[in-house]
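In the order they appear, the protein sequences are chains X and H. The C-terminal position of the first sequence is numbered 121 in numbering that gives the first Met the number 0, with every residue numbered one higher than the one before it. The C-terminal position of the second sequence is numbered 121 in numbering that gives the first Met the number 0, with every residue numbered one higher than the one before it. No residue lacks a Cβ here, since even glycine has one placed at the ideal position from N, Cα and C.
Protein chains: 2
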Amino acid sequence: MEVPVAKVDPLPDVALPIQQILSVEKAQRMAEFFGTLGDPNRWRILSALALAEMRVRDLAAAVEMTESAVSHQLRILRTMRLVGYRKQGRNVLYSLKDHHIMNLYRDVSEHLDEPDDGVASP
Amino acid sequence: MEVPVAKVDPLPDVALPIQQILSVEKAQRMAEFFGTLGDPNRWRILSALALAEMRVRDLAAAVEMTESAVSHQLRILRTMRLVGYRKQGRNVLYSLKDHHIMNLYRDVSEHLDEPDDGVASP
DNA sequence: CAAAAGTATGAATACCTGTTCATGTGTTAT
DNA sequence: ATAACACATGAACAGGTATTCATACTTTTG
């Protein structure tokens, strides 16, 4: 029997889930993840993969990096489960595994585009 | 006068705003920001400030860091406009400037809590 | 089978980053 | 005024990180 109930978000956008200082472990995991997104070339790689599944070779050409460098970075992105891959002959096709990342991109992009409301140094 | 209109998100969660590879400049700005969130101690500081406005001194005690180290980090967080401050006598009270950050925390926290669907190395 | 293509990996190096230590600046108290 | 307090800052040092280079591995092609 069909139940016509719309999915309800568990919490609205107002959510502020922090009730105490992050433990060192949790903070470390957070930092590790965000740190992964703390490199410009990795962002270029991710944005390229957001467009299409791609070979390492083409990726390297697209972002103007050495294939070796790209390969190294892909390993890191794999570790963070941000990209997936599938082998096809002697090629390896990489793709964005978690498109959720692009939401982070949007959110932060908005933050960065906010005007500088006069922030001086103390 | 109070206007009882619920805020409406401009775009649903499906948004995927990337249509081309990020420019080096844009990627750099992204990386710079995410890199700021790529340090465990900064996360602990932010989470502490999410609880309450705090002096540097108390902050240092709360996250178990040197006041100097905290001060250094606060400067970085200030630069990224993540925290604000107000002077009060010889104290300086810091606070979370952009609570939006905590949404990032929630989102990524969910990502990290996803089970490992067997991701082997190629 | 040998050569070539595509990718991965390890070591080395240059660069960046965060903490500590010492010191400086501004404010309150005696 | 002088001492004490709160915070900021610069230099120095240690640890981490990303690229390059050389090489190895795997699959395809001749």
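Among the residues facing chain X, Met64(H) is not included, as its CB has no counterpart in that chain under 8 Å away. Of all alpha-carbon atoms in Leu48(X), Glu109(X) and His71(X), the one lying nearest the alpha-carbon of Tyr93(X) is that of Leu48(X).
Taken atom to atom, the span from the alpha-carbon of Met29(H) to that of Pro39(X) is near 7 Å.
Counting every other CB atom within 10 Å of its CB across the protein chains shown gives Asn102(X) a total of 16 or more, marking it as buried. Within chain X, the residues whose beta carbon sits less than 8 Å from that of Met29(H) are Leu36, Pro39, Trp42, Tyr104, Val107, Ser108 and Leu111, listed in sequence order. Identification of chain X residues near Ser46(H) by a Cβ-Cβ cut-off of 7 Å yields Ile17, Ile20 and Leu21, ordered along the chain.
In the displayed model, Leu21(H) falls within coil according to three-state DSSP, outside both helix and strand.
The C-beta of Ala68(X) comes no closer than 8 Å to any C-beta of chain H. Taking CB atoms only, Ala61(X) has a neighbour in chain H less than 8 Å away. As the crow flies, the alpha-carbon of Gln72(H) is around 16 Å from that of Ile100(H). Taking the C-beta atoms as reference points, Leu81(H) is found nearer than 8 Å to Lys96(H). Under the three-state reduction of DSSP output, Met101(H) falls in the helix class.
The alpha-carbon separation between Glu31(X) and Val107(X) amounts to approximately 18 Å. In the three-state DSSP reduction, Arg80(X) falls in the coil class, being neither helix nor strand.
Contiguous alpha helix (DSSP H) elements confined to the stretch 39–69 of chain H occur at 39–50 and 55–62, taking only those with 4 or more residues. Within the model, the alpha-carbon separation for Glu109(H) versus Ser67(X) is close to 32 Å.
DSSP, reduced to helix, strand and coil, places Leu73(H) within a helical segment of the structure shown. Ile44(X) places its beta carbon less than 8 Å from that of Val62(X). Thr35(X) counts as buried, since no fewer than 16 other beta carbons sit within 10 angstroms of its beta carbon.
Of all residues in the stretch 83–98 of chain H, the ones placed with a Cβ closer than 7 Å to any Cβ belonging to chain X are Tyr84, Lys86, Val91, Asp97 and His98, in chain order. The Cβ atoms of Trp42(X) and Leu76(H) do not sit closer than 8 Å to each other.
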